[in-house]
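Protein chains in written order, with the numbering used here: chain E, 1 to 378; chain A, 1001 to 1050.
Even for Gly, the Cβ is constructed at its ideal location relative to N, Cα and C.
One structure is given below, encoded as structure tokens.
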Amino acid sequence: MSEEKLKIREDLLAGRVPKRVFMQLRFTLEAACGLAGVDLVKAHFDPKTKLQAYRKVCETFYSDSFPIENVRWPEVYAPLGAKNWVMSSTGAMQHPEIESMLIEDYDEYIEDAFGTIMKKILPRIYPKLDPALPGAPLSFAKAYQRQQATGGEEVGAQIALSEEFDYAPGFFVGLFCEAPFDFLSDQLRGFRNITLDVRRIPEKVEAAVNASLPLMQRQAIPRNPIPGFTVFIPLHLAPYLRPADFERFYRPTFDKLIREINKAGMAAFLFAEEDWTRYADALAALPENQVIQFENGDVQKIKEVVGGKQIIGGFFDPLITLTRSKEACIDEVKRLLDIGMPGGKFFFAFNRHVLDIASIDVSKLVAVLDYVHEHAVY
Amino acid sequence: MADGKVLYENYEDFQAEHPEYAPAWREVTEPVILAEDDSVYGFIFGYLLI
Chain E
1 MSEEKLKIRE DLLAGRVPKR VFMQLRFTLE AACGLAGVDL VKAHFDPKTK
51 LQAYRKVCET FYSDSFPIEN VRWPEVYAPL GAKNWVMSST GAMQHPEIES
101 MLIEDYDEYI EDAFGTIMKK ILPRIYPKLD PALPGAPLSF AKAYQRQQAT
151 GGEEVGAQIA LSEEFDYAPG FFVGLFCEAP FDFLSDQLRG FRNITLDVRR
201 IPEKVEAAVN ASLPLMQRQA IPRNPIPGFT VFIPLHLAPY LRPADFERFY
251 RPTFDKLIRE INKAGMAAFL FAEEDWTRYA DALAALPENQ VIQFENGDVQ
301 KIKEVVGGKQ IIGGFFDPLI TLTRSKEACI DEVKRLLDIG MPGGKFFFAF
351 NRHVLDIASI DVSKLVAVLD YVHEHAVY
Chain A
1001 MADGKVLYEN YEDFQAEHPE YAPAWREVTE PVILAEDDSV YGFIFGYLLI
């Protein structure tokens, strides 16, 4: 493993100005297969094909850490009859809007969130976990065994390629949870329902978010936490909330969760989805040196408000390579580096994963990444 | 069955005829017990519900 890249990552996470800007890219398995010209469905089930796709991304694009994220494995969801992750005819894993917690379940959830999830919510998302079915334990055991086996194989592939391409670890190291409001909203009530609930039954929403906090704390913090580890938390819905609702429903438990993670010696790796500019103050007020990747937003303002305290990155949209000249793409990344780099605490990342290889121009993106690697030096 | 005969059409039929097995079987199907294990907890709350 590259000592230079490890040192850059270590300096960055410690809040020191590193030798150059750390680069963490993210391509999906779909994009990797498109680049390698291999069949996506086959890649899901054939480790050699998957490895071929991964290797093609590593060979093509410069990155300081392993550049592919693939965590939705169909063989895990299939034995459960999953409604939340389903494979399309092309092999893409899709995430439909679902409602697994009904409005009449609020009181029970507030009283016993864990029990309600186990007895009612899980079987609604995964019908084959209905406790009335004699085959339910076998379905669960199959899914669990496959998740453990595929997870092990995935980690093995990443380690092998990280050694081959001299990568440092990225910020996504396996620990994964959600802000309590997002947990309640995402796969339990659904995004559409929760926006109505905050107006119809605000007291119950507030109580249900509070009931979700211990579940996420237990998920985020292992019994034996590893100092320096990062816990990945994708932040979904705050930009869609009015400021008063953000302060009441989202921020208190989110803030508490991050502080508990920090008390355990770890940091949060937040993916601030959509535009968090108006809630930049809330991110700045978190304990120092959280890692935050932004999707959209006012880069200048976020650097001024958040950049002094937290480690920020993101913003760069790889889709511009499809519509702009190579020079214009490099100008765009220069502008981003000019704002982001001063004082350190900045890393380079895409605003979103590259989902489809047809959505980018490969040669122009290679030029952009080479420019960052060679010129984003302190 | 070897002769192709289906002995029990569903769980309820089995339970009615053999109540002595039902509690243990019911216990195993109860995911609350499984989720007490940390690794299973992580599978449920860090994978299935996120």
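query	result
Those residues which DSSP pairs with residue 94 of chain E across a bridge	E:86
Contact under 9 Å by Cβ, residue 302 of chain E with residue 270 of chain E	no
Top-ranked residue by Cα proximity to residue 136 of chain E, from E:123, E:145, E:148 and E:231	E:123
Range of the contiguous beta strand (DSSP E) that encloses residue 231 of chain E	230-235
Every unbroken alpha helix (DSSP H) within the segment 257-305 of chain E, with a cutoff of 4 residues, ordered by chain	280-284 and 299-305
Nearest-angstrom Cβ-Cβ length linking residue 261 of chain E and residue 221 of chain E, presumed shorter than 8 Å	6 Å
Counterpart residues of residue 175 of chain E in DSSP-defined beta bridges	E:231
Own chain, CB closer than 6 Å to residue 365 of chain E, minus 5 neighbours either side, in chain order	318 and 321
Contacts of residue 187 of chain E in chain A (Cβ-Cβ under 9 Å)	1048, 1049 and 1050
Within 9 Å of chain A by C-beta, residues of the segment 186-205 of chain E in sequence order	186, 187 and 188
Proximity test, residue 150 of chain E beta-carbon vs the ligand HEM heavy atom, cut-off 8 Å	Ligands in the displayed structure: none, and consequently the ligand HEM is not present.
DSSP-derived helix/strand/coil call for residue 325 of chain E	coil
Cβ separation of residue 36 of chain E and residue 56 of chain E, assumed to be a contact under 8 Å, to the nearest whole Å	4 Å
Own chain, CB closer than 6 Å to residue 88 of chain E, minus 5 neighbours either side, in chain order	94
CB contact check: residue 125 of chain E to chain A, cutoff 9 Å	yes
Residue 13 of chain E and residue 226 of chain E closer than 9 Å at C-beta	no
Own chain partners of residue 196 of chain E with C-beta closer than 8 Å, once the 5 adjacent residues on each side are dropped	none
Cα-Cα separation between residue 219 of chain E and residue 183 of chain E, rounded to whole angstroms	12 Å
Contact list for residue 215 of chain E against chain A, beta-carbon separation under 8 Å	1045
Helix, strand or coil at residue 354 of chain E [DSSP, three-state]	strand
Min CB distance residue 219 of chain E to chain A below 9 Å	yes
Spatial neighbours of residue 299 of chain E in its chain, beta-carbon cut-off 6 Å, leaving aside the 5 residues before and after	315 and 339
Contact with chain A by residue 62 of chain E, beta-carbon distance below 9 Å	no
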